[in-house]
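The numbering of the sequence shown is our numbering, which starts it at 79 and goes up by one.
Below is one structure; the comments refer to it alone.
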Amino acid sequence: GKWSVAGLDPAVLQKPWSQAEQELSDSRQFVVRNAMTRLSRIPSSRWGVDVGDLHALLNRLDELGMPKGANAHEVVDQVICKETFETAYPWALQRTGQGKKSTHFVSHTWEESVVEFCGALEALDLDTPVFWICFLALPQTWPRDALGRLLATPFQSPFFVALKDCQEVVVVRNSRANVYDRLWCTFELLAAVSQQMDVVVAGEMPVGFSTGRGTGSTAACTDPLDRELITGAILGATQEDSALEALVNRAMYRVAYAPPGARVHISRARGPFWRGPG
Numbered sequence: 079g080k081w082s083v084a085g086l087d088p089a090v091l092q093k094p095w096s097q098a099e100q101e102l103s104d105s106r107q108f109v110v111r112n113a114m115t116r117l118s119r120i121p122s123s124r125w126g127v128d129v130g131d132l133h134a135l136l137n138r139l140d141e142l143g144m145p146k147g148a149n150a151h152e153v154v155d156q157v158i159c160k161e162t163f164e165t166a167y168p169w170a171l172q173r174t175g176q177g178k179k180s181t182h183f184v185s186h187t188w189e190e191s192v193v194e195f196c197g198a199l200e201a202l203d204l205d206t207p208v209f210w211i212c213f214l215a216l217p218q219t220w221p222r223d224a225l226g227r228l229l230a231t232p233f234q235s236p237f238f239v240a241l242k243d244c245q246e247v248v249v250v251r252n253s254r255a256n257v258y259d260r261l262w263c264t265f266e267l268l269a270a271v272s273q274q275m276d277v278v279v280a281g282e283m284p285v286g287f288s289t290g291r292g293t294g295s296t297a298a299c300t301d302p303l304d305r306e307l308i309t310g311a312i313l314g315a316t317q318e319d320s321a322l323e324a325l326v327n328r329a330m331y332r333v334a335y336a337p338p339g340a341r342v343h344i345s346r347a348r349g350p351f352w353r354g355p356g
């Protein structure tokens with residue numbers, strides 16, 4: 079696909095800016111456009127961070143006095159955006175320059191404590207992993223319309239291109255929310271299943287979780303435009319491949335109930351099954 083060569087489709091740079099984008103000051107437009115140009119030269123698979131980078135993030139949260147229970151929304155709003163505003167660059171690339179090639183794509187809810195999230199990743203038995211984590215990999219200070227350009231076609235987005243270039247997908251469960259209550263996580267699982275990739279399970283599911291109504295393709299999405307785009311992508315993929323929906327549903331069940339550290343293996347011959355701990 080056209081995202082496989084560069085991190086950002088150059089055609090994105092040529093599209094007319096929306097009214098909201100045009101209302102930015104000239105200096106801010108220049109900063110955002112410069113960040114777009116820089117991102118167009120770095121494959122999205124290189125927007126990763128390693129365990130050392132996660133330690134640096136946690137140390138920074140401690141320095142700033144962030145509560146231990148702060149979730150990704152709060153960390154992005156109070157730390158990531160403030161520290162990347164000047165460059166309009168993703169935190170991962172602002173820290174690493176030319177980036178690091180991701181080995182593991184991370185799917186998670188944003189509702190979990192970032193401390194819990196980083197601990198769950200570090201607890202996995204992985205060999206020098208580099209993680210692709212959306213709240214660190216994407217430019218969080220771009221205007222919503224500009225950020226929407228990155229996500230407008232889910233199967234050509236940085237999410238999907240980075241995922242298919244990784245060795246495995248990691249699903250980080252947490253004690254606060256069912257990961258498959260979030261529609262983006264359902265899309266990411268569908269993408270993993272479509273690529274027949276192993277899914278590494280981290281963390282614990284919340285008490286009393288359900289894999290029924292309100293999860294999977296009927297899960298919540300805070301942005302109406304994202305909901306429309308993702309549900310359309312899921313519907314199109316499952317209509318094209320009649321076996322895909324059943325495989326995703328079974329994989330979702332396996333990921334929910336597998337012990338931490340297990341790998342859910344995707345096989346069309348056998349369906350999803352886990353191996354490893356437990």
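Glycine residues also receive a C-beta, built at the ideal position from the N, C-alpha and C atoms.
Keep in mind that this is a model prediction, so the values were computed, not measured.
DSSP on residue 149, reduced to helix/strand/coil?
strand
Does residue 83 pass the burial test, meaning 16 or more other C-beta atoms within 10 Å, or should it be called exposed?
Caution applies to residue 83, whose pLDDT of 30 falls short of 50 and renders its modelled position unreliable; the value that the coordinates give is listed next. Exposed, since its Cβ has fewer than 16 Cβ neighbours within 10 Å.
Suppose contacts are defined by Cβ-Cβ distances below 8 Å. Is residue 118 in contact with residue 240 by that definition?
no
Three-state secondary structure (DSSP) of residue 133
DSSP, read as helix, strand or coil, puts residue 133 in helix.
Measuring alpha carbon to alpha carbon, tell me which of 169, 227 and 159 ends up nearest residue 304.
227
Using a Cβ distance threshold of 8 Å, determine whether the segment 103-111 contacts the segment 148-160, with at least three qualifying pairs required.
no
Would you list the residues sitting across from residue 182 in a DSSP beta bridge?
209 and 246
Give the secondary structure of residue 270 by DSSP, where H, G and I count as helix, E and B as strand, and everything else as coil.
helix
So is residue 320 in contact with chain B if we call contact Cβ pairs under 8 Å?
The structure shown contains no chain B; it holds only a single protein chain.
Spatial distance of residue 308 from residue 225 (CA atoms):
15 Å
Between the segment 199-215 and the segment 165-180, do three or more beta carbon pairs fall short of 8 Å?
yes
Does residue 341 come out as helix, strand or coil in the three-state DSSP assignment?
strand
Is it the case that the segment 200-208 contacts the segment 147-157, given that we only count it when at least three CB pairs across the two stretches are under 8 Å?
no
From residue 270 to residue 301, what does the alpha carbon distance come to, in whole angstroms?
23 Å
DSSP-derived helix/strand/coil call for residue 280:
strand
Assuming residue 342 contacts residue 279 under a Cβ cut-off of 8 Å, what Cβ separation, rounded to an integer in Å, is found between them?
6 Å between Cβ atoms; contact.
Any contact of the segment 260-277 with the segment 233-247, i.e. 3+ C-beta pairs under 8 Å?
With the cut-off at 8 Å, the segment 260-277 and the segment 233-247 touch.
Burial state of residue 260 (16 or more Cβ within 10 Å):
buried
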